[in-house]
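J.:
Here you go:
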């Protein structure tokens, strides 16, 4: 009820209809100006009056395909809405694994007293986060707050949601300096390239400071090629402007 009051208070002159997902009809969709929620794609072909579609998910796969939505329809997603809930769930899962709580739960169900061996602590542990979207970032924050050291992060980000840009993604990676040379960067790069391929991207792009010879060598090893330079693309507090090398990988 509180959420409904909040919505209706934002648009007091609008009519609101609350329909369970399984009961949505084509007639409901055809008459709607705004839809909040994820609908089966075939239903949207009759959405001739739809001005705005707000998804419940961060992913918008399929909704951007040609012919699904009118060009005039605004499409927004729920990116950033689940970082808190899912990152806290992930913390719970980490604690379960570190303390072997799943094993002890099973023992409890069978009234078995059995030592499952040594457990580990998050404190003074090292965490590697692959995928620095909202969920990955929030998880890293919470692991760090519990005393874990974040040694590396990496992820891919869409360049844009328009059809002309949807084939491109940007790759980013960061490794704590004391952990350079251990193969972490190579493993993260390989994982992100694999994810980009599976996600259907045709081109992966990055930029790297021109003086970072080891990073340049790593990217070239994976097939990235230079396509340009930005002489003042990066500004460091200590060294001032630095040149960026622009690179891309055809997937």
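Numbering (the working numbering), first residue to last: 4 to 254.
The beta carbon of each residue, even a glycine, is placed where N, CA and C say it ideally should be.
Only a predicted model underlies this, so the values are computations on that prediction, with no experimental measurement involved.
(1) Below 8 Å between beta carbons: does that hold for residue 291 and residue 213?
(2) Using the Cα positions of residue 25 and residue 106, report the straight-line distance between them to the nearest angstrom.
(3) Per DSSP, residue 143 is paired with what?
(4) Relative to the alpha-carbon of residue 119, which residue among 125, 58, 108 has its alpha-carbon at the smallest distance?
(5) Between which two residues does the alpha helix (DSSP H) carrying residue 250 extend?
(6) Could you spell out where the beta strand (DSSP E) holding residue 125 opens and where it closes?
(7) For a test of the three-state rule: what should DSSP assign to residue 206, helix, strand or coil?
(8) By Cβ distance, which residues of its chain are closer than 6 Å to residue 139, with the 5 residues on each side in sequence left out?
(9) According to DSSP, residue 173 sits in a beta bridge with which residue or residues?
(10) Helix, strand or coil: which one does DSSP assign to residue 103?
(11) Quick one: what does DSSP say residue 165 is sitting in, helix, strand or coil?
(12) I think residue 125 touches residue 158, with their Cβ atoms under 8 Å apart; what is that distance to the nearest whole Å?
(13) Tell me which residue opens and which closes the alpha helix (DSSP H) that residue 217 is part of.
(14) Kindly indicate the opening and closing residues of the beta strand (DSSP E) around residue 233.
(15) Under 8 Å: do the segment 41-61 and the segment 79-86 share three or more Cβ pairs, one atom per stretch?
(16) Taking the alpha-carbon positions, what's the residue 243 to residue 235 distance?
(17) Do you know how far the Cα of residue 184 is from the Cα of residue 22?
(18) Express the C-alpha separation of residue 73 and residue 42 in angstroms, rounding to a whole number.
(19) Which term fits residue 123, buried or exposed, when burial requires 16 or more other beta carbons within 10 angstroms of its beta carbon?
(20) Alpha carbon to alpha carbon, what distance is there between residue 206 and residue 170?
(21) Give me the DSSP bridge partner(s) of residue 133.
(22) Short of 7 Å in beta carbon distance, which residues of its chain neighbour residue 1, apart from the five on each side in sequence? Order them along the chain.
(23) Check for me: the beta strand (DSSP E) holding residue 79 runs from which residue to which?
(24) Please report the straight-line C-alpha distance between residue 146 and residue 98, rounded to a whole angstrom.
(25) Measuring CB to CB, does residue 54 end up less than 8 Å from residue 76?
T.: The answer reads as follows:
(1) Lying outside 4 to 254, the shown extent of the chain, residue 291 is not represented and no answer is given.
(2) 38 Å
(3) For residue 143, which the question treats as bridged, DSSP gives no partner whatsoever.
(4) 108
(5) Premise fails: residue 250 lies in the beta strand (DSSP E), 243-253, not in any alpha helix (DSSP H).
(6) Residue 125 -> no beta strand (DSSP E), and no H or E assigned at all.
(7) strand
(8) 132
(9) 160, 208
(10) coil
(11) DSSP places residue 165 in coil when its eight states are reduced to three.
(12) Between residue 125 and residue 158, the beta carbon gap of about 22 Å keeps them out of contact (Cβ cut-off 8 Å).
(13) 216-224
(14) 228-239
(15) yes
(16) 9 Å
(17) Here the alpha carbon of residue 22 sits roughly 55 Å from the alpha carbon of residue 184.
(18) 15 Å
(19) exposed
(20) 6 Å
(21) 157
(22) Since the displayed the chain opens at 4 and closes at 254, residue 1 lies outside it and no answer follows.
(23) 77-79
(24) Going by the C-alpha atoms only, they are around 11 Å apart.
(25) Yes. Within cutoff.
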